[in-house]
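The structure appears below as structure tokens.
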Amino acid sequence: MLSEQNYIKILSYFDKRLWDGKISDTNWQYYGLVLDWYFDNSVLGAEYLDIADFFDQNGGLRIVEDQYLVDQFSGLPNNKWLHVVQNILNILKFSSINKEQSNNVIEIITKVLLRDNVKVRNPEAGDILLVPDDILDYGSYCNIVRIREGVLRKELKPHFQNDEKLQKRMRYEFENMQKLEGCPQILNVYEYDLDSHSYSMEQGDINLYKYLEEEFGLSFQDKLKIILDILNGMAFAHEKEIIHRDLHLGNILKIKNDFVICDFGLSKDLSIERSMKSSMTEKNNHLFVDPAAGTDFTKLDLKSDIYSIGKIIDYILTLDSEDPNHMFKTVVERCMARDKSLRYDSVKEIIKDVDFVINSVNKEENRQHAVSNILNAKYNTQVHEYVMAMVEADKISKFLVEHRLSSFGNLILNFGVIYQTRILQSISQTFVNATGYGGWSNYDIFANIAYHLCITSKDVEVKQLARSILEECAGIRYSAKDLLERLPD
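Here it is as structure tokens:
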């Protein structure tokens, strides 16, 4: 919105450039505005009676030549300010007088207007148009304009202001978003203005489509954050019985580090009956819209939102990748199943499966780290828990054979004595079966482990368990018998 301070500055600037000496029809010399001279030497002079007629027809304004612009127009209501400035700029643009100076004035005023987020549309052919509040975006029936830093207004376009159906739609959208108040993943809305059929809302930094276009090399964790924000926002909306029906990358905004869902213009409250629900609106064939709906708007339902969610997840994870596969492929396929009955029944079910996949991957990564540390005889909490889990499941002997860990005795000594005892007890009960039919050389693995503990452990029970294992191996393998004979009596 043009500030009063800058408005007065602009009028004063015009006065300096357009106040000059004049000569009346009776050759009387005086000072006044020479704007009428510019007007008379422009194409506008052929369309209007005179400059007074031009100002009257464009903003209902009255102009006189013997007063400064500041004195004439500074007291006008703020909704007239841009009309005044726009009229003067257009006279300068279309006048043949002092073209270079006029173009310079237009350029300077444009920069001042931009400070207050007033957009100046100056086409090569046609009138200069000043757009209040800087229209940041627009849709088929509404504009998004800036009120102040961080706050925007969604309003009907001027030629739709009297459309009762669209008035109702704007109000309905606002009411549905109000019901979602308090969810961090839903855009905040503030006040509804009945006179202008508009409402104010918080401003996003960038929509998801543009963000993904501009950000290269997003990590998996970055992408996962986006996906989880969308899922949590839609889960909240569905829990409140609000379905979106128009979910796509343009309706997801980044605000600082979070991603929030906006534009519930096609939303429906499942808990109440509304006349809007029966309307059939042809929609563009959008990448993220449920194809099962075709062009019938009424067929878009909760499971259509599920479809859109799956499409968005797939888009995020396959962007800039030659591989169409990813860890959530099964989740996506279920979201987008052609048969709606096979799709998820709720977003909460999607979240549950996403968590399951993530945990499974994390478990596999933890397993790999633990195994790597065990193979390198590195003891830590992760190794401790992994080894004891195998002991509880009677799988420790099989693991030792699989990795041929003859040196496992070194790692065992890092465990507390109680845990050493439990490990050896498990090995004692399972090592024979773990060697496998004909796997005689596998006995050497357990013989070496047992021998090392026999000669290095200071605990009596541990030494006894280790000796018992070695004795059993010695009955099968000569190499184990040699180790047994080396033990002191």
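Just so we're on the same page, the numbering used here is the position in the sequence shown counted from 1, plus 2. Quick reminder that beta carbons are idealized off the backbone N, C-alpha and C, glycines included. This one's a predicted model, so the numbers in the text were calculated from it and none came from an experiment.
In angstroms, rounded to a whole number, what distance separates the CA positions of residue i and residue j?
{"i": "Arg123", "j": "Gly62", "result": "22 Å"}
{"i": "Thr383", "j": "Thr300", "result": "56 Å"}
{"i": "Ile414", "j": "Gln466", "result": "15 Å"}
{"i": "Glu275", "j": "Glu217", "result": "Its pLDDT being 44, under 50, Glu275 is placed unreliably by the model, and nothing is read from it."}
{"i": "Gly141", "j": "Gly23", "result": "50 Å"}
{"i": "Gln187", "j": "Tyr346", "result": "21 Å"}
{"i": "Asp129", "j": "Asn92", "result": "6 Å"}
{"i": "Asp303", "j": "Gly219", "result": "35 Å"}
{"i": "Ile352", "j": "Pro326", "result": "20 Å"}
{"i": "Ala237", "j": "Gln180", "result": "16 Å"}
{"i": "Met338", "j": "Glu241", "result": "21 Å"}
{"i": "Ala436", "j": "Lys342", "result": "49 Å"}
{"i": "Gln69", "j": "Gly34", "result": "7 Å"}
{"i": "Asp491", "j": "Lys380", "result": "32 Å"}
Over the uninterrupted beta strand (DSSP E) stretch that includes residue i, give me the two end residues.
{"i": "Cys144", "result": "Cys144 to Arg150"}
{"i": "Gln31", "result": "Gln31 to Leu35"}
{"i": "Asp22", "result": "Trp21 to Ile25"}
{"i": "Asp139", "result": "Ile137 to Tyr140"}
{"i": "Lys156", "result": "Val153 to Leu158"}
{"i": "Ile65", "result": "Counting along the chain, Ile65 falls outside any beta strand (DSSP E), and DSSP gives it neither H nor E."}
{"i": "Val434", "result": "No beta strand (DSSP E) holds Val434; the alpha helix (DSSP H) holding it covers Val419 to Thr437."}
On the three-state DSSP scale, how would you describe residue i?
{"i": "Asn105", "result": "helix"}
{"i": "Phe266", "result": "coil"}
{"i": "Gly477", "result": "coil"}
{"i": "Val403", "result": "helix"}
{"i": "Arg340", "result": "coil"}
{"i": "Lys121", "result": "strand"}
{"i": "Leu489", "result": "coil"}
{"i": "Tyr346", "result": "coil"}
{"i": "Phe176", "result": "helix"}
{"i": "Glu49", "result": "coil"}
{"i": "Leu132", "result": "strand"}
{"i": "Ser5", "result": "coil"}
{"i": "Phe96", "result": "helix"}
{"i": "Glu275", "result": "For Glu275, the predicted model reports a pLDDT of 44, less than 50, meaning its position is unreliable; a value from the coordinates is still stated below. The answer is coil: DSSP assigns Glu275 none of H, G, I, E or B."}
{"i": "Glu126", "result": "coil"}
{"i": "Ser44", "result": "strand"}
{"i": "Phe299", "result": "helix"}
{"i": "Asp195", "result": "strand"}
{"i": "Gly312", "result": "helix"}
{"i": "Ser281", "result": "Below a pLDDT of 50, predicted positions are generally treated as unreliable, and Ser281, at 38, falls in that range; no measurement from the model is reported."}
{"i": "Phe57", "result": "helix"}
Along the alpha helix (DSSP H) that carries residue i, what are the first and last residues, could you check?
{"i": "Glu366", "result": "Val349 to Leu377"}
{"i": "Glu387", "result": "Thr383 to Glu394"}
{"i": "Asp493", "result": "Here the chain has residues from 3 to 491 only, and residue 493 is not among them."}
{"i": "Val72", "result": "Leu71 to Phe75"}
{"i": "Ser202", "result": "Unbroken run through Ser202 is the beta strand (DSSP E), Ser200 to Glu204; no alpha helix (DSSP H)."}
{"i": "Leu210", "result": "Leu210 to Glu216"}
{"i": "Ile254", "result": "Segment Ile254 to Ile257 is the beta strand (DSSP E) holding Ile254; no alpha helix (DSSP H) there."}
{"i": "Asp446", "result": "Asn444 to Thr458"}
{"i": "Asp322", "result": "Premise fails: Asp322 is in no alpha helix (DSSP H) and is neither H nor E."}
{"i": "Ile188", "result": "From DSSP, Ile188 is part of no alpha helix (DSSP H); its letter is neither H nor E."}
Closest to residue i by CA distance: which of the options is it?
{"i": "Asp453", "options": "Leu230, Leu319, Ser362 and Ser409", "result": "Sequence check: residue 453 is Tyr here, not Asp. Checked all of Leu230, Leu319, Ser362 and Ser409; the closest Cα to Tyr453 is Ser409."}
{"i": "His85", "options": "Asp207, Asn60, Lys101 and Gln103", "result": "Asn60"}
{"i": "Leu182", "options": "Glu151, Val262, Tyr140 and Glu217", "result": "Val262"}
{"i": "Asp396", "options": "Tyr381, Ile425 and Ile376", "result": "Ile425"}
{"i": "Asn105", "options": "Gly47, Glu126 and Asn119", "result": "Glu126"}
{"i": "Asn259", "options": "Gly206, Glu215, Glu463 and Met236", "result": "Gly206"}
{"i": "Val87", "options": "Ile111, Ser98, Asp73 and Arg64", "result": "Ile111"}
{"i": "Leu158", "options": "Ala391, Leu210 and Asp197", "result": "Asp197"}
{"i": "Ile376", "options": "Asn416, Ile308, Val349 and Val133", "result": "Asn416"}
{"i": "Gly267", "options": "Tyr174, Ile352, Asp165 and Pro134", "result": "Tyr174"}
{"i": "Val462", "options": "Asn412, Gln422 and Phe433", "result": "Gln422"}
{"i": "Leu78", "options": "Arg148, Leu132 and Ser5", "result": "Ser5"}
{"i": "Asn100", "options": "Ile65, Leu46, Ile478 and Val36", "result": "Val36"}
Ignore the nearest five residues each way along the sequence and tell me which others in residue i's own chain have a CB closer than 7 Å to its CB.
{"i": "Tyr211", "result": "Leu251 and Gly252"}
{"i": "Leu168", "result": "Tyr143, Leu158 and Phe162"}
{"i": "Arg406", "result": "Ile447"}
{"i": "Ile12", "result": "Val87, Ile111 and Val114"}
{"i": "Gln7", "result": "none"}
{"i": "Phe16", "result": "Leu71 and Ile90"}
{"i": "Lys509", "result": "The structure shown does not extend to residue 509, since the chain is modelled only from 3 through 491, so no value can be given for it."}
State yes or no: is the beta carbon of residue i nearer than 7 Å to at least one beta carbon in chain D?
{"i": "Arg171", "result": "Annotation note: the requested chain D is absent from the structure, which comprises a single protein chain."}
If you drop the 5 nearest sequence neighbours on each side, which residues of the same chain put their C-beta closer than 6 Å to that of residue i?
{"i": "Ser98", "result": "Asn43"}
{"i": "Ile53", "result": "Asp38 and Phe41"}
{"i": "Cys264", "result": "Leu189, Asn253 and Leu255"}
{"i": "Asp357", "result": "none"}
{"i": "His199", "result": "Leu158, Gln169 and Met172"}
{"i": "Asn29", "result": "none"}
Apart from the five residues just before and just after residue i, which ones in its own chain have a Cβ nearer than 8 Å to its Cβ?
{"i": "Ser306", "result": "Ile245, Arg247, Val291, Asp292, Ala294 and Ala295"}
Under 6 Å: does the beta carbon of residue i sit that close to some heavy atom of the ligand COA?
{"i": "Asp195", "result": "The ligand COA is not among the ligands present in this structure, which contains no ligands whatsoever."}
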